[in-house]
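Taken in order, these protein sequences are the chains called A and B.
Sequential numbering of the first sequence, starting at 1, is according to full-length UniProt numbering.
Sequential numbering of the second sequence, starting at 1, is according to full-length UniProt numbering.
Beneath this line is the structure, given in structure tokens, with notes to follow.
Number of protein chains: 2
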Amino acid sequence: MSSAAPRTTGQDPLWSVDEHLEDILATVRPLDPIELQLLDAQGCVLVDDVTVPVSLPPFDNSSMDGYAVRVADVAGVSEEFPAVLEVVGDVAAGQSDLLHVGPGQAARIMTGAPLPPGAETVVPVEWTDGGLGEGPVRGMTARSLAPEGAAGQVCVYRPAEARAHVRAEGSDVKAGERALEAGTVLGPPQIALLAAIGRGSVRVRPRPRVVVLSTGSELVQPGEELGSGQIYDSNSFALTAAARDAGALAYRVGAVADDAETLRSTVEDQLIRADLLVTTGGVSVGAYDVVKEALSHVGDADEAGSGIEFRKLAMQPGKPQGFGSIGPDHTPLLALPGNPVSSYVSFELFARPAIRTLMGLQDVHRPRTTATLAADRALSSPKGRRQFLRGAYDDGVVSPVGGAGSHLVAALAHADALIVVPEDVESVEPGAEVEVVLLG
Amino acid sequence: MSSAAPRTTGQDPLWSVDEHLEDILATVRPLDPIELQLLDAQGCVLVDDVTVPVSLPPFDNSSMDGYAVRVADVAGVSEEFPAVLEVVGDVAAGQSDLLHVGPGQAARIMTGAPLPPGAETVVPVEWTDGGLGEGPVRGMTARSLAPEGAAGQVCVYRPAEARAHVRAEGSDVKAGERALEAGTVLGPPQIALLAAIGRGSVRVRPRPRVVVLSTGSELVQPGEELGSGQIYDSNSFALTAAARDAGALAYRVGAVADDAETLRSTVEDQLIRADLLVTTGGVSVGAYDVVKEALSHVGDADEAGSGIEFRKLAMQPGKPQGFGSIGPDHTPLLALPGNPVSSYVSFELFARPAIRTLMGLQDVHRPRTTATLAADRALSSPKGRRQFLRGAYDDGVVSPVGGAGSHLVAALAHADALIVVPEDVESVEPGAEVEVVLLG
């Protein structure tokens, strides 16, 4: 699974952040496409090019409420010398049996209605007397109140050129043209186009189902009473929310006690609904770090490609990490550390790109930028580790929020960026340019 | 309802875009708060300040896997001259009955476990022989495999200062401090903090329920057969997706035929599940524009504050617009025009800010910026109208996509911005600076 031999220090081998991410993205594959109803496909990635089956609009139609007439009949007219035409009836939108408009005739026509045979142009109702004989009108009276508007005579006060106020068949898109390209993310305007060309469903990569479970015998569900030595489970909530935010359908399993057998059976139970599993805690060097112990034996051990590898990364926070695949379907699993800030930062760096790769997105990473560091004093960072500090970014300037401690969840809640301090930098002075990950 | 008298032209009075938006935002009020489970509150706005009930962490605890010891017992030690301490047992995370660490003693301690009484500092396991007597180790063996690790002796090779590797009670947040301010939008890190301080549920403004219905006898459901004079309904799909994108729970009712009685009863049926109703089509000057006709009589006509007002705006696309409130609860309703581009642009300008106001968000508008126009020829715009052209924005430059026609849904699907041409501008040259609405 490893892309390269890790750097070694005096003690443990250390992998770089980039090596770990590369291994994850080399393993995770976009999900198989499925056909989804249009609105269920919102936010998903189109798998095939979509071709226009029928031109849009499918027929010449009026862009105004008015009268469909022949050009010659309204040539040179004015308010003083109007054309007086015989109204042969209404053409409403959606009407299929069309009138014929002959010389000296007009059909009252509604926006979107097909241009009837014989008619060459449309004059807006505001250029006519609307059949009332009292000069220009502002609109038509509702047909239910004045059915006589569909008959009688109409005075036209202004001329119109051929095909004025007519939307030509195919003027939006023509049959056979490509409407959307494979790889397009379906937002509201793309859904509008797919509906407009008649697509009720579409083949996309589905949203990945992500199961989040935290581990730790000290964890209590928020809202319950806190006992001695206990803390509230926040990771399973934070990462479920973050997985949704990344585009996944996320399931929070909640906290599992530090018992290898319980953890193993919980993970096996969850495989059925998981395209990706994310655990927190139990990946370090302690005697009760059961995630390591449990996950080397999940699923069929004889299956090639299965197994979780635990590593130390040259990173702070987030040094201990696990990644691999488990079970008969080789479901990918990320075992993140348990400190709240470590797990959140690890999720942003590794789980979010994995989720977005499963979705088939091209752009799997958070945007990055450079910013000027605004701080009271220099930031210090351990040698040989890439540090990710919480920051508040505004218009090219970033300020650290809280300290480097991986338990500082309050500061995390007031940050909107991660300040990246590279491995070979031990101190960053105020005013220096730093790389920043924008958390959106 | 009007904030100001509209500008009048030779024909109809025209309201400005800003006047119409102002009237909408003056009418729409944030929804009443409800208590939601933490994960159901994701993306919602917090109603009250949240205070920390119990300090975080709630007790002094270890930040490492290692041994809890007394400072004097490890002072001056080295690999050559280690301290040899008696291991009195394990302190695991979540453990409530704590050992006492006396002089010459050590408790094996796990990350997150409470610092036991008597202990003053923590030495990481990597600074010890882990009880194995063979020099520095990389970690502990799982307790299930080596229970003897909780007893025997341990050699400590490096000294530690008082409270090294100890996270102090309250070092994250202290009881009584404000964790989050009213008005905060709850993203993953804020949910992390709320969980961490024990909040299982939280009072927020709920996501508004938005009912979208399109009108038009010409409309056919995508996926069905298109008859003569018919087109596919795209507006109800596009605006349902756009309402979700704005943060709403959206319900697509689909296309209603141009019959006032059907429309009226459909709208009345939907009131029960709507915080906002959005219709498309039927708002212009045609004889079949039934939205106008129907919606002046919805709900209790005697109720003050109810009623829909139909206007013409100095805007292209999107001239005809309706807005007001209907039914016993004065549910706000936006009646948007029916052309696909008109309805989408109107939604962006009027419905999206209304939805975000219902959510209690401070920032209800799409971001705007200025950009340099990249185009082959000048853009023309009708005098006295604010025009919104579809554009593609990239790094300070915007290019028009497709023409100005309000039926051009294919171009809309390839745009990510609206180019704003003010009322008093009739032509914009290539290279000019233009205002741009970024569609996200």
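Each residue gets a CB set at the ideal place from its N, CA and C atoms; glycine is no exception.
What does the Cβ neighbour count give for residue i, buried or exposed, with the cut at 16 atoms within 10 Å?
i         : result
ARG29(A)  : exposed
SER325(A) : buried
ILE308(A) : buried
VAL397(A) : exposed
THR184(B) : buried
GLN105(A) : buried
LYS312(A) : buried
ASP363(A) : exposed
GLN153(B) : exposed
ASP18(A)  : exposed
GLU218(A) : buried
ARG273(A) : exposed
LYS383(A) : exposed
Out of curiosity, what's the CA-to-CA distance linking residue i and residue j?
i         : j         : result
SER342(B) : LEU186(A) : 20 Å
SER171(A) : PRO53(A)  : 14 Å
ALA287(B) : GLY130(A) : 10 Å
THR51(B)  : ALA119(B) : 32 Å
VAL173(A) : LEU194(A) : 12 Å
LEU418(A) : PRO422(B) : 39 Å
GLU401(A) : ALA411(A) : A quick correction: the sequence has Val, not Glu, at residue 401(A). Answer to the nearest angstrom: the Cα atoms are 6 Å apart.
ALA182(B) : LEU349(B) : 27 Å
PRO103(A) : PHE310(B) : 37 Å
THR370(B) : ALA241(A) : 34 Å
ARG108(B) : GLU134(B) : 17 Å
ALA432(A) : ALA378(A) : 10 Å
ARG138(A) : ALA146(A) : 15 Å
LEU46(B)  : PRO57(A)  : 46 Å
GLN221(B) : GLY200(A) : 8 Å
PRO117(A) : THR111(A) : 16 Å
So, residue i versus residue j, is the Cβ gap smaller than 7 Å?
i              : j         : result
LEU358(A)      : LEU31(A)  : yes
ARG207(A)      : ALA248(A) : yes
ARG385(A)      : MET315(A) : yes
VAL77(B)       : PRO159(B) : yes
ARG209(A)      : ASP269(A) : no
CYS155(A)      : VAL84(A)  : yes
residue 447(A) : GLY176(B) : The question about residue 447(A) has no answer, for chain A in this structure spans 1 to 440.
ALA238(B)      : TYR344(B) : yes
ASP49(B)       : ARG178(B) : yes
LEU334(B)      : ALA294(B) : no
GLU162(A)      : VAL91(A)  : Note that residue 162(A) is Ala in the sequence shown here, rather than Glu. Taking 7 Å as the Cβ cut-off, ALA162(A) and VAL91(A) do not qualify as a contacting pair.
ALA246(B)      : ARG352(B) : yes
VAL425(A)      : GLU435(A) : no
ASP416(B)      : LEU439(B) : yes
ARG205(B)      : GLY360(B) : yes
VAL125(B)      : SER62(B)  : no
ASP60(B)       : LEU21(B)  : no
residue 441(A) : VAL409(A) : Any question about residue 441(A) goes unanswered here, given that chain A covers just 1 to 440.
VAL283(B)      : ASP65(A)  : no
LYS374(B)      : PRO189(A) : According to the sequence shown, residue 374(B) is Ala rather than Lys. Against a cut-off of 7 Å, the Cβ pair of PRO189(A) and ALA374(B) comes out as no contact.
SER380(B)      : SER427(B) : yes
GLY89(B)       : ALA150(B) : yes
ALA250(A)      : ILE24(A)  : no
GLU169(B)      : SER55(B)  : yes
Say yes only if the C-beta of residue i is nearer than 6 Å to one or more non-hydrogen atoms of the ligand FAD, and no if none qualify.
i         : result
ALA351(A) : The ligand FAD is not among the ligands present in this structure, which contains no ligands whatsoever.
What is the C-beta distance between residue i and residue j, in whole angstroms, given that I count them as a contact (C-beta under 8 Å)?
i              : j         : result
GLY338(B)      : GLY281(B) : 3 Å
GLY94(A)       : GLY216(B) : 7 Å
LEU271(A)      : SER236(A) : Contact flag wrong, Cβ pair sits at about 18 Å.
ALA257(A)      : SER144(B) : That belief does not hold up - the Cβ atoms of ALA257(A) and SER144(B) are roughly 13 Å apart, past 8 Å.
residue 444(B) : ALA41(A)  : Only positions 1 to 440 of chain B appear in this structure, which leaves residue 444(B) out of reach.
THR266(B)      : VAL278(B) : No, THR266(B) and VAL278(B) are not in contact; Cβ-Cβ is about 13 Å, not under 8 Å.
VAL290(B)      : GLY322(B) : Rounded, the Cβ-Cβ distance is 12 Å, inconsistent with contact.
PRO320(A)      : THR27(A)  : Not quite, the Cβ-Cβ distance comes to about 19 Å (not below 8 Å), so this is no contact.
Any C-beta of chain A within less than 8 Å: which residues of the stretch 321-345 of chain B qualify?
GLY338, ASN339, PRO340, TYR344
Q. Mind listing which residues of the stretch 185-203 of chain A have their C-beta closer than 9 Å to chain B's C-betas, in chain order?
A. Cβ proximity to chain B below 9 Å picks out LEU186, GLY187, PRO188, PRO189, GLN190, ILE191, ALA192, LEU193, LEU194, ALA195, ALA196, ILE197, GLY198, ARG199, GLY200, SER201 from the stretch 185-203 of chain A.
Mind listing which residues of the stretch 407-427 of chain B have their C-beta closer than 9 Å to chain A's C-betas, in chain order? Contacts with chain A (Cβ-Cβ distance below 9 Å) from the stretch 407-427 of chain B involve HIS407, LEU408, VAL409, ALA410, ALA411, LEU412, ALA413, HIS414, ALA415, ASP416, listed in chain order.
Checklist entry - Listed from N- to C-terminal order along the chain, which residues in the stretch 105-130 of chain B have their beta-carbon within a distance smaller than 8 Å of any beta-carbon of chain A? => result ARG108, MET110, THR111, GLY112, ALA113, PRO114, VAL125, GLU126
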